[in-house]
Amino acid sequence: MKIIFAILLIFVFTDKTMSFRTSEPDGCGPNETFTTCGSACSEKNCEEVLTSSYKRNCLQVCIIGCFCNAGYIRNTSIGKCVKSC
């Protein structure tokens, strides 16, 4: 059980969407909002939407950073929040 928990933690902290996060409130891009307790599980990205594979298994932990506003999706190839992919 500890091994599974460790693997899940590693997955959460190495998730490619986290590379676009900033810990600075002023560092958010257009269509993004800074939060001190966002979830890596809640933000969809274009790859998941286009392949219909939005079924992440991850822990609900607080992540500090910028997240897409409602109605926007993270385009991981450019690191921006977009209306459609």
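Letter 22 of the sequence shown, counting from 1, is numbered 22 in UniProt numbering, and no numbers are missing. All C-beta atoms in this analysis are idealised placements derived from N, C-alpha and C, irrespective of residue type, glycine included.
With H, G and I counted as helix, E and B as strand and the rest as coil, what does DSSP make of T36?
Strand.
If you run the structure through DSSP and keep just helix, strand and coil, what is V49?
DSSP places V49 in helix when its eight states are reduced to three.
In three-state DSSP terms, what is G79?
In the three-state scheme derived from DSSP, where H, G and I count as helix and E and B as strand, G79 is classed as coil.
Tell me whether G65 sits in a helix, a strand or coil according to DSSP, three-state version.
Note: G65 maps to strand in three-state DSSP.
When the Cα atoms are used, what is the spatial distance from K80 to P30?
Taking the straight line from one Cα to the other gives about 8 Å.
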